[in-house]
Amino acid sequence: MILSFQLLRRAFWIILCTGNDPFYLVQMDRTYLDWNATAPVWPQAVEAMAQAMRESWGNASSLHEEGRRSAELAQEAREALAEWTQSRAMEWILTSGGTESIHAAIYGSVLARPGKTRIVTSVGEHSCTLGVVGALEKQGCEVVRVGLGSDGAWDPAQVLEAADPSVTAMVSLIWANNETGVVSPVHDLARELKNRRIPFHLDAVQCFGRVPVDLSQIPVGMVSLSAHKFGGPKGIGALFVRQSTAWTRWMQGGNQERARRGGTVNVPGAVGMTAAIKCAKSVDLEDLRRRRDSLERAIRLAIPESFVVGAKAERLPNTICLCLPGCDSSTLLDRLDARGFAVASGSACTTGVAEPSHVLTAMGMSPEEAHASLRISIGHSTKSDSMDRFSPILTQEALAVRGRSIPVQ
Ligand code: PLP
């Protein structure tokens with residue numbers, strides 16, 4: 296009885312998903328092409344977490360053996376982060392993820408520098424940065440948002456022009472953009488901001504596991520990361536705060552993380568992050584880039600009107616932000632989903648109405664072009680044969696959405 300109900304439910308789901316397509320066209324084996332939203336968790340991380348939850352459930356702040364064991368595991372995560380980035384374990388604060396780290400970095404710098412009220416950021420930030428600076432603006436801070444070039448990068452010269460040391464509390468910028476994969480240049484900017492003694496925070500959430508992050512070479516004050524973007528669990532991340540950086544805790548209550556954060560440490564999450572770091576180090580980034588490039592070529596050949604957003608800039612090796620002029624990407628996303636492919640679109644559905652991406656419009660794209668953009672992001676385990684299957688199906692579905700007006704070669 297229960298079984299037949301489940302079968303009925305599944306059949307209903309298939310009919311619902313396929314729309315006009317006969318159900319046999321539905322690929323039940325899925326191809327996940329949305330790694331910038333989140334990456335599948337490494338099996339090693341799952342195993343390590345399960346073991347930690349069974350055996351190391353003590354509170355890392357407790358002084359007894361159960362607590363000490365948990366504290367050791369949390370420390371291993373900080374050490375893994377430090378080794379990965381050529382920094383020091385004591386400079387890493389475990390957090391609940393990217394959003395918390397970014398809040399801590401920005402609020403913590405502003406609180407530490409009373410009298411300095413300017414925050415310099417860009418218009419192309421992740422929504423959580425835009426949210427924090429927007430809230431601080433209402434409380435009296437002056438927020439300077441530099442624009443994006445047509446290549447998708449912010450311009451360090453514009454940042455420096457706005458970063459007057461007499462008034463600037465801090466600078467917070469996204470390093471690799473989650474929508475376009477565009478990587479903005481940070482090294483020289485970090486050096487100059489250090490000379491001006493202005494705390495500089497990098498949202499590097501999309502960088503870890505995709506570009507080398509060597510903090511001995513980039514004199515940045517703060518760096519945010521999130522474990523679920525490189526195959527760790529959700530709900531754990533970290534904030535790097537260099538010892539010399541003017542920063543103070545923003546979250547009160549509890550003296551965890553050397554009194555820099557309140558809240559019981561997520562030990563299973565930390566263990567999962569440590570395991571994911573070990574695995575992420577072994578990913579062949581050049582192979583990832585080669586496979587991404589070959590998918591990009593195949594799509595461009597099949598749909599000549601399409602173009603890659605930010606193609607002229609340095610980009611993450613796993614991301615393609617593709618504009619298919621005249622093709623509504625939300626409809627395309629649904630159709631690709633029904634065919635077994637998970638991608639993301641260039642629109643965000645906030646209040647029931649699809650808004651064009653603020654990043655794409657900031658690059659000078661029209662709202663129509665933004666609505667016609669799709670984000671395809673791959674990872675180490677994306678199979679090449681699935682990627683080969685994707686390009687013709689994308690072409691077919693784009694044709695269907697556009698009413699057969701895209702010439703196919
Ligand atoms: N910053 C960037 C660039 C991101 O892509 C994300 C997540 O999508 C975040 C911050 C927020 O991270 P989290 O999901 O861990 O809160």
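Position one of the sequence shown corresponds to residue 296 (our numbering), numbered consecutively onward.
Glycine included, every Cβ here is placed at the ideal spot set by N, Cα and C.
For residue i: DSSP bridge partner residues
| i | result |
| --- | --- |
| aspartate 498 | Ile469, Ser519 |
| threonine 614 | Ser672 |
| alanine 637 | Tyr327 |
| threonine 390 | Gly532 |
| phenylalanine 602 | Cys618 |
| arginine 556 | Gln551 |
| threonine 463 | Arg413 |
Alpha-carbon to alpha-carbon, residue j and residue i
| i | j | result |
| --- | --- | --- |
| glutamate 386 | lysine 573 | 19 Å |
| glycine 447 | glycine 605 | 5 Å |
| proline 409 | valine 562 | 34 Å |
| leucine 627 | glutamate 692 | 7 Å |
| cysteine 423 | leucine 431 | 12 Å |
| glycine 548 | alanine 399 | 14 Å |
| glycine 476 | serine 672 | 9 Å |
| aspartate 623 | isoleucine 615 | 17 Å |
| alanine 372 | glycine 403 | 22 Å |
| proline 702 | methionine 658 | Any answer about proline 702 is weak, because its pLDDT of 49 lies below 50 and its placement is not dependable; what the coordinates show is given next. Answer to the nearest angstrom: the Cα atoms are 27 Å apart. |
| isoleucine 469 | valine 454 | 12 Å |
| serine 351 | alanine 366 | 10 Å |
| serine 686 | arginine 610 | 21 Å |
| glutamate 474 | alanine 375 | 28 Å |
| isoleucine 401 | alanine 565 | 23 Å |
| arginine 670 | alanine 541 | 37 Å |
| valine 515 | alanine 452 | 17 Å |
Extent of the continuous beta strand (DSSP E) run through residue i
| i | result |
| --- | --- |
| valine 441 | 437-441 |
| threonine 380 | Premise fails: threonine 380 lies in the alpha helix (DSSP H), 360-380, not in any beta strand (DSSP E). |
| threonine 424 | Here threonine 424 belongs to no beta strand (DSSP E); instead the alpha helix (DSSP H) covers 422-433. |
beta-carbon residue i near the ligand PLP non-hydrogen atom, thresh 6 Å
| i | result |
| --- | --- |
| aspartate 498 | yes |
| glycine 532 | yes |
| asparagine 473 | yes |
| histidine 653 | no |
| threonine 614 | no |
| glycine 567 | no |
| leucine 421 | The displayed chain sequence assigns histidine, not leucine, to residue 421. Checking every heavy atom of the ligand PLP against the Cβ of histidine 421, one is found closer than 6 Å. |
| glutamine 434 | no |
| glycine 548 | no |
| threonine 540 | no |
| glycine 526 | no |
| serine 521 | yes |
| glycine 393 | yes |
For residue i, the first and last residue of its enclosing alpha helix (DSSP H)
| i | result |
| --- | --- |
| serine 417 | That residue, serine 417, is in no alpha helix (DSSP H); its beta strand (DSSP E) goes 413-417. |
| alanine 649 | Element bounds for alanine 649: not the alpha helix (DSSP H) but the beta strand (DSSP E), 649-651. |
| glycine 532 | Element bounds for glycine 532: not the alpha helix (DSSP H) but the beta strand (DSSP E), 532-536. |
| isoleucine 513 | First-last for isoleucine 513: undefined, no H or E at that position. |
| lysine 489 | 482-490 |
| valine 341 | 338-350 |
| threonine 690 | 679-697 |
| glycine 567 | 562-575 |
| isoleucine 493 | Run containing isoleucine 493: none; DSSP gives neither H nor E here. |
| proline 507 | That residue, proline 507, is in no alpha helix (DSSP H); it is neither H nor E in DSSP. |
Assumed close pair residue i, residue j - CB separation to whole angstroms, cut-off 8 Å
| i | j | result |
| --- | --- | --- |
| valine 415 | valine 462 | 10 Å between Cβ atoms; not a contact. |
| arginine 325 | glycine 635 | 5 Å |
| alanine 619 | isoleucine 598 | At residue 619 the sequence reads leucine, which differs from the alanine that was named. Confirmed, about 6 Å. |
| methionine 682 | leucine 590 | 5 Å |
Residue i CB to nearest heavy atom of the ligand SAM below 6 Å
| i | result |
| --- | --- |
| glutamine 501 | In the structure shown, the ligand SAM is absent; the only ligands present are the ligand PLP. |
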